[in-house]
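Going by the numbering used here, the residue at position 27 of the sequence shown is 200; the numbering climbs one at a time, nothing skipped. Glycine residues also receive a C-beta, built at the ideal position from the N, C-alpha and C atoms. Predicted, not measured: the structure shown is a model, and the values here were computed from it.
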Amino acid sequence: MGAPVMGNLEDWAPRIEKGKDTLYQHALEGYAGETGAMPPRGANPKLDDDTIKATVDYMVAQSQ
Ligand code: HEM
Numbered sequence: 174m175g176a177p178v179m180g181n182l183e184d185w186a187p188r189i190e191k192g193k194d195t196l197y198q199h200a201l202e203g204y205a206g207e208t209g210a211m212p213p214r215g216a217n218p219k220l221d222d223d224t225i226k227a228t229v230d231y232m233v234a235q236s237q
C-alpha cells in the first residue's frame with residue numbers, strides 16, 4: 174500500500190531524516206504522504222502511545 178518496508182534503507186533514510194518526533198506523530202495521528210496513507214496507530218486504536226513509539230523505534234533500528 175506504499176508503506177516503507179522495514180529493513181529497506183532506501184525507503185527509510187528520507188523518513189529518518191525528519192526526526193523521531195515527526196515519525197512518532199505520524200504513526201500516532203496518521204499521515205498522508207507521497208506514497209500512500211498511514212492509518213492512525215496502524216489502524217488499531219487499542220495500541221497505546223508507548224507501544225506505537227516503541228514500534229517506530231524498532232522499525233527505525235532495523236532500517237538504518
Ligand atoms: C503499529 C503499526 C505501524 C507503525 C508503528 C507504523 C509506522 C509508520 C511510520 C513511522 C511511517 C513513516 C511516516 C513518515 O514518513 O513520516 C509510516 C508510513 C506509512 N505507513 Fe505505517 N505504521 C504502522 C502500520 C501501518 C499499516 C497497518 C499500514 C497500512 C494499512 C501502514 C501504511 C503506511 C503507509 C502507506 C506509509 C507511507 C505514507 C507516505 O509517506 O505516503 N502503516 N508508518
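The alpha-carbon separation between residue 178 and residue 217 amounts to approximately 19 Å. Using a cutoff of 7 Å, the CB of residue 232 counts as near the ligand HEM, since one of the ligand's heavy atoms is closer than that. Assignment of residue 232 by DSSP, reduced to helix, strand and coil, places it in the helix class.
Following the DSSP letters along the chain, one finds residue 194 inside the alpha helix (DSSP H) bounded by residues 193-202. In this structure residue 229 touches residue 200 by the C-beta definition: roughly 5 Å separates them, less than 8 Å.
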